[in-house]
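Numbering (the numbering used here), first residue to last: 86 to 924.
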């Protein structure tokens, strides 16, 4: 009998989980240890081993990255809660979507449910501390036995994303390990740390071009609906140690007031905990505003979720630094002192050692402040989510706008479906009519898409569909306007060239949810951006494709085929990418890949070698200052090194630019028949070095974002901080084929030109032409603009002959963040014309 009992005990022991491993036991060092960074496989290995040791944690795969790595999410709570995770998920869904009609039933579900808190790390991969902190938070959630932690595990379900950008983490860790202990220890990464987007991976949260964005948006807005979404970043304004809410003005009116009140409450709880733990240097109400829609902390706020941003100090990967008050600037950018207490910087940090370990300690304090507050107000957060959803639904039934109708007679049908698909990925319900109906006197056939405004995420829908009017918040009554943190306007139909009918009156229609939104079948309509995919596929199959003078794409079976003007061929495209990470180059590559245009990345040496015309039909210079294109990082140059950073040298193999030799090679490429496309600042290179008859209309003008006071006098300078402008297009120009005459362009920064010596330069031919101009009046369509008179009626897109080739100058970024679909066609036209044979 004794032997049998012992055997049973041994068998049971084999099934008991092992003791929770400490991070050091798996990583090989303590998180935050100086000069050490864990890569993605180390962090995921730790989470896997921790999950195997406990019933307080569940680890789940949720998708693949652009480079094929597996992304993980971890759930932490009590074993009892995790056993009922599906039930709590369903409660959350019903409350967040307002599916419970009565307050009593909603209150009962709120009482039964658990608040969901989301904490992600590592979105911006060069901001290394958040991902390094994730194993410590996980270990603490599993092992800590304080009364506070037991209450958290009982009332909160934490969704932790250990690293939301795995590809970038591995790039940065490999780079730092290669350089640590050398003169290049703090050298900047010579490339983008996420496919296409780099740092703009946190600018993609309503457009959802990136696979990683789509994966996470599905979790947030379709599956889990957390009440608090905490997105970690670095760094705040120096010498602050961390930025926490409240955010700066202005407040976007489409963010529900209860959301902002809750964000401020969470920020207060964080500040109180930092004070209690004697951690100074907490900054609020500075820099990061509540206007912008597009980031991982801002988009949830339009979904009735409390989007929390922190920016923790850390400069220089895992290399520590000691700071002294003498290193500090006297004032922050808002004029407030850095060494004396102020209302939103009550306890100044006065220096000391600071590295990854110190940053981790601050982030853990912020984590615990959020989790503690959530645990004490779980029922309130759940009830509030339901109340906001119901309020939004009722508002859509009782007040305008009641709906947005997407007419079927779209200029660009595929872009209209692309827009709807992105709204749907953001949690918006799209309906389709089952019979004809009338809105505002306009008849619509069956199959028309309708966006009802009576939705739980009404604020998100309205914000994306309506024009923005950035408020002019001034210093005093006549001081300069406060600049937006990011962009000022983003209206989706304007950016994508989609016609939308807003309904301010109630109407009757038979509607059904459009659960699947497939792109239209292959199109040959030259006005449809999707037609370029069709053309690319046909050329890849060696099919004959021609183009008529009016822009139509023609196959050999078409009647007008023999009278076409151009014979198309697959274009050979070179895309310049400097070693200084250029996000605009990434988004250019996105556009080319999205429309199946083969492209080759050109580095400095590739251009300097010359003989470019033999290899390429088109070369694209994305937005980049001419000085940077020509010279890049100089060998031995100290990069950075101000009060808040440590100077670094770049590795010699990544220094330099194309130089004057490369510029000469580009000019030879054009003269020999190639087409050069230059976006925004990059246009200065051909304008200044090729001798084109183009003069800047903004030369010597103040503004342009360099000086906050530049726009204080109306019309004194031109400044577009990311706004949508009306443009007038010369549709007879080949580059503009398929464009509507009145269109929109997104501009951040921007150029304006006058064409001079027109008669002499154009002898016998339209050798230079203005393809598009700024509207002569009512230029601003969405956002904010200063100095409109400086550019009204001026050229912002020029097609100039140079030798046997052409230079196409874009005074804006036609592919900005992969969002401005309305102007993609201008790039694609130019690219395909470059390889076309004129008949």
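Just so you know, even glycine gets a beta-carbon here, dropped at the ideal spot from N, CA and C. Computed from a predicted model, the values in this text were never measured in an experiment.
- Considering only 900, 689 and 168, the residue with the shortest C-alpha distance to residue 762 is 900.
- Uninterrupted alpha helix (DSSP H) stretches at least 4 residues long and entirely within the region 654-685 occur at 668-679, given in chain order.
- Residue range 522-524 is occupied by the beta strand (DSSP E) that includes residue 523.
- Residue pairing of residue 489 in beta bridges, as defined by DSSP: 536 and 587.
- When only Cα atoms are considered, residue 552 and residue 339 end up about 12 angstroms apart.
- Close CB contacts of residue 164 within its chain, under the 8 angstroms cut and outside five residues either way in sequence, are with 140 and 141 (chain order).
- Separation of residue 671 and residue 277 (C-alpha to C-alpha, rounded to the nearest whole angstrom) is 8 angstroms.
- DSSP places residue 235 in the uninterrupted alpha helix (DSSP H) bounded by 232-240.
- Contact between residue 247 and residue 159 holds: their C-beta atoms lie close to 7 angstroms from each other, under 8 angstroms.
- Just so you know, the alpha carbons of residue 779 and residue 573 end up roughly 29 angstroms apart.
- By the CB criterion at 8 angstroms, residue 441 and residue 217 fall inside the cutoff.
- DSSP places residue 910 within a helical segment (H, G or I) once states are collapsed to three.
- Burial check for residue 420: the Cβ neighbour count within 10 Å stays below 16, so the residue is exposed.
- Assignment of beta-bridge partners to residue 804 by DSSP yields 871.
- Sixteen is the threshold: when 16 or more other Cβ atoms of the shown chains lie within 10 Å of the Cβ of residue 150, as they do, the residue is buried.
- For residue 398 and residue 320, the gap between their C-alpha atoms comes out near 5 angstroms.
- Between the alpha carbons of residue 883 and residue 805 lies a distance of about 20 angstroms.
- The Cβ atoms of residue 488 and residue 202 lie no closer than 8 angstroms to each other.
- Residue 643 and residue 534 have their alpha carbons spaced roughly 32 angstroms apart.
- With three or more CB-CB distances shorter than 8 angstroms, the region 174-189 counts as touching the region 462-475.
- For the set 387, 205 and 132, the Cα lying nearest the Cα of residue 348 is the one of 387.
- Apart from the 5 residues on each side of it in sequence, residue 743 sits with its Cβ closer than 7 angstroms to the Cβ of 689, 692, 693, 714 and 715 in its chain, given in chain order.
- Boundaries around residue 830 are those of the beta strand (DSSP E), 827-833, since no alpha helix (DSSP H) includes it.
- Per DSSP, the unbroken beta strand (DSSP E) holding residue 142 starts and ends at 142-149.
- Classified as buried, residue 490 has 16 or more neighbouring CB atoms from the shown chains inside 10 Å of its CB.
- Between residue 112 and residue 123, the gap from beta carbon to beta carbon is short of 8 angstroms.
- Ranking 751, 666, 760 and 775 by CA distance to the CA of residue 740 puts 666 first.
- Selection 859, 558 and 866 evaluated against residue 808 yields 866 as nearest (Cα-Cα).
- Considered as a whole, the region 699-749 harbours 711-716 as its complete alpha helix (DSSP H) runs of no fewer than 4 residues, in chain order.
- DSSP, reduced to helix, strand and coil, places residue 598 within a strand of the structure shown.
- Under the criterion of beta carbons closer than 8 angstroms, residue 549 and residue 332 do not qualify as touching, at roughly 20 angstroms.
- Rounded to the nearest whole angstrom, the C-alpha separation of residue 354 and residue 710 is 44 angstroms.
- The residue from 186, 251, 133 and 537 with its alpha-carbon nearest to that of residue 148 is 251.
- Within its own chain, the residues whose Cβ lies closer than 8 angstroms to the Cβ of residue 482, once the five positions on either side in sequence are excluded, are 539, listed in chain order.
- Taking 8 angstroms as the cut-off, the beta carbon of residue 681 is found no closer than this to the beta carbon of residue 653.
- Nearest Cα to residue 579 within the set 437, 811, 508 and 449: 811.
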